[in-house]
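There are 2 protein chains.
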Amino acid sequence: MIRLYVSQELAEDAQFAVSPEQAHYLTNVMRLSVGDELLLFNGRDGEWRSRVAQVGKRACLLEPLIRTQAQAIGLDLDLIVALVKRARLETIVEKAAELGARRVRLAITERTNAERTNVERLTAIATEAAEQTGRLDVPEIVPPEKLDRMIADWPADRPLMFCDEAGDAAPALAALAGRTQGPWAVLIGPEGGFSPRERALIRSAAGAVPVSLGPRILRADTAAIAALALWQAALGDWRGT
Amino acid sequence: MIRLYVSQELAEDAQFAVSPEQAHYLTNVMRLSVGDELLLFNGRDGEWRSRVAQVGKRACLLEPLIRTQAQAIGLDLDLIVALVKRARLETIVEKAAELGARRVRLAITERTNAERTNVERLTAIATEAAEQTGRLDVPEIVPPEKLDRMIADWPADRPLMFCDEAGDAAPALAALAGRTQGPWAVLIGPEGGFSPRERALIRSAAGAVPVSLGPRILRADTAAIAALALWQAALGDWRGT
């Protein structure tokens, strides 16, 4: 069944018209017609089994029928990723949504090749991934910030899992053992790594938890997926209920 | 420094001509000339700092200078992945190389959309990823086999980490706790999952270790990367020395 993120309120009998883009997608691409059912979520009202109530030339009315899931929100996990080439950054955003990150923050580092970043496009990728993966919210994409500033403002109550390829960091699971849930962040560097000055700065941040991801050199997207998976498995919602 | 996989013997003073494709890459694309250095490995003789000894019109002679790493081979880890769409399969092969799999076996399942598989191209992707990630061997790409046959022939001494999204499997780290190194395999299903019959068959295999990768639906590439990372962190060479 199609699963769609919408911005409108979801409640019983609260019919609403979707955007023209979504109307095009539902009626022309997916060829839904009146009476067909789909799942809707908006990040606030849970997930609703809904039906197509009316189809017009460039419009489509949807009607929520019954709530299938109460609203829930994942753990408070940020992924901070240095700006990398567009294709890899888009992969990282897709995977962050699947792996339950609540926010993706983009970091400008010394070795960043700052291509222009299209936050709107990244948000669309995050939205589509959220629809597919079954979550009830969409990760927020935060526009690029300077790494130095992020670290200078780092909140002491948010541990920072720093994937440190250059150093003597502890193996990831050992470094996470005995830690607790709560606000966390995972930090992935650019291809080519952080500069020595940046590494020292990050390690000096309150709450920095340097971890190693093994002996091989990893692409930024590989490192991001691996680190998020390890965090979820060790501390997050992959531990089971 | 450029790092290149070659098939020739690597030994002191053992000059050799690379293939025309590699000669083109080294001299035209990377613009190396006589005296420039690069790293070579062949999966047998370790890694060698080497130099360009001669450049001809369509040829290039290389000369190993000194061995920089003794030959080592990663752990005996197979990734078995259902045939998925080409772009995702290529991503999976690249990541399997970075994450230290020794072999990638391609499985034909009930829900496989069997596009034609280009094993030669996948091997080229694995080779390039091995060059970049710093390993001393290239993962073998095994041509597609029927899943049923693989499971029927399953060796009892190779535990099978079965990423089972449909069921009641234990959380991955709990399922791997207390297990030991040795031959292992990780099995990832097609998008859409294994059929109920296939799930029962896999679970009946000697050594099957069903694991859960959390509450969200994962794309096949995400699941493969996450599972390999968890295996390396729990049992493999990410545990540190």
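Read top to bottom, the protein sequences are chains R and F.
Oh and the first sequence: position 208 is 208 in the working numbering, straight run, nothing missing.
So the mapping is simple: the working numbering equals the position in the second sequence, first residue as 1, plus 1000.
Even glycine gets a Cβ: it sits at the ideal position worked out from N, Cα and C.
Step through the CB atoms of chain F and report whether any lies within less than 8 Å of the CB of residue i.
{"i": "Glu145/R", "result": "no"}
{"i": "Ala233/R", "result": "yes"}
{"i": "Gly100/R", "result": "yes"}
{"i": "Ala226/R", "result": "yes"}
{"i": "Ala229/R", "result": "yes"}
In the DSSP assignment, find the beta strand (DSSP E) that holds residue i and state where it starts and stops.
{"i": "Pro144/R", "result": "140 to 146"}
{"i": "Ile1188/F", "result": "1184 to 1188"}
{"i": "Ala1124/F", "result": "Ala1124/F -> not in any beta strand (DSSP E); alpha helix (DSSP H) instead, spanning 1119 to 1133."}
{"i": "Ala1208/F", "result": "1208 to 1212"}
{"i": "Thr67/R", "result": "Position check: residue 67/R holds Arg in this sequence, whereas Thr was assumed. Segment 60 to 69, the beta strand (DSSP E) holding Arg67/R."}
{"i": "Glu1012/F", "result": "Note, Glu1012/F: premise wrong, no beta strand (DSSP E); not H, not E."}
{"i": "Glu191/R", "result": "Careful: Glu191/R lies outside any beta strand (DSSP E) and carries neither H nor E."}
{"i": "Ala1177/F", "result": "Segment: none, Ala1177/F is in no beta strand (DSSP E) and carries neither H nor E."}
{"i": "Ala82/R", "result": "77 to 82"}
{"i": "Ala1169/F", "result": "Segment: none, Ala1169/F is in no beta strand (DSSP E) and carries neither H nor E."}
{"i": "Arg1103/F", "result": "1103 to 1108"}
{"i": "Glu37/R", "result": "37 to 41"}
Who are the neighbours of residue i on chain F, taking C-beta pairs under 9 Å?
{"i": "Leu136/R", "result": "Those within 9 Å of Leu136/R in chain F number zero; the least Cβ separation is about 10 Å."}
Using a Cβ cut-off of 8 Å (strictly closer), state whether residue i contacts chain R.
{"i": "Gln1071/F", "result": "no"}
{"i": "Gly1240/F", "result": "yes"}
Cβ closer than 7 Å: which chain F residues qualify as neighbours of residue i?
{"i": "Lys95/R", "result": "Thr1222"}
{"i": "Arg31/R", "result": "The contacting residues do not exist; Arg31/R stays about 20 Å from chain F at best."}
Taking residue i as the query, report the chain R residues whose CB atoms sit under 7 Å from its CB, ordered along the chain.
{"i": "Leu1173/F", "result": "Ala233, Ala234"}
{"i": "Pro1215/F", "result": "Asp237"}
At a Cβ threshold of 8 Å, is residue i touching chain C?
{"i": "Arg49/R", "result": "Protein chains in the displayed structure are R and F, and chain C is not among them."}
Go to residue i, then tell me how far its alpha helix (DSSP H) extends in each direction, as first and last residue.
{"i": "Val93/R", "result": "86 to 98"}
{"i": "Thr1222/F", "result": "1220 to 1234"}
{"i": "Arg3/R", "result": "Not the alpha helix (DSSP H): Arg3/R falls in the beta strand (DSSP E), residues 3 to 5."}
{"i": "Gln1054/F", "result": "Where Gln1054/F is concerned, there is no enclosing alpha helix (DSSP H), although the beta strand (DSSP E) it sits in stretches over 1047 to 1055."}
{"i": "Glu21/R", "result": "20 to 23"}
Taking Cβ-Cβ distances shorter than 9 Å, what residues in chain R pair up with residue i?
{"i": "Arg1219/F", "result": "Glu94, Lys95, Glu98, Ala129, Gln132, Thr133"}
{"i": "Ser1245/F", "result": "Within the shown structure, residues of chain F are numbered from 1001 to 1241, placing residue 1245/F beyond reach of any answer."}
Assuming residue i and residue j form a contact by the criterion Cβ under 8 Å, report the distance between their Cβ atoms to the nearest whole angstrom.
{"i": "Ala1059/F", "j": "Ala1023/F", "result": "5 Å"}
{"i": "Leu1122/F", "j": "Glu1090/F", "result": "7 Å"}
{"i": "Gly1074/F", "j": "Arg1135/F", "result": "6 Å"}
{"i": "Leu147/R", "j": "Trp231/R", "result": "The Cβ separation is near 20 Å, so there is no contact."}
{"i": "Gly1100/F", "j": "Gly1240/F", "result": "Gly1100/F to Gly1240/F, Cβ: 14 Å. No contact."}
Measuring CB atoms only, is the segment 157 to 172 of chain R touching the segment 62 to 71 of chain R, in the sense that at least three cross pairs come out at less than 8 Å?
no
Would you call the segment 1123 to 1143 of chain F in contact with the segment 1039 to 1059 of chain F, where contact means no fewer than 3 C-beta pairs closer than 8 Å?
yes
Cβ contact (3+ pairs, closer than 8 Å) linking the segment 189 to 205 of chain R and the segment 95 to 113 of chain R
yes
Assess contact between the segment 82 to 91 of chain R and the segment 113 to 122 of chain R, defined as three or more Cβ pairs (one per stretch) separated by less than 8 Å. Is contact present?
yes
Count Cβ pairs between the segment 95 to 105 of chain R and the segment 206 to 219 of chain R that sit closer than 8 Å; are there 3 or more?
no
Stretch-stretch touch, CB-based, cutoff 8 Å, three pairs: the segment 1218 to 1227 of chain F with the segment 1176 to 1184 of chain F:
no
Indicate whether the contact test is met: 3 or more Cβ pairs, each with one atom in the segment 1151 to 1160 of chain F and one in the segment 1196 to 1205 of chain F, closer than 8 Å.
yes
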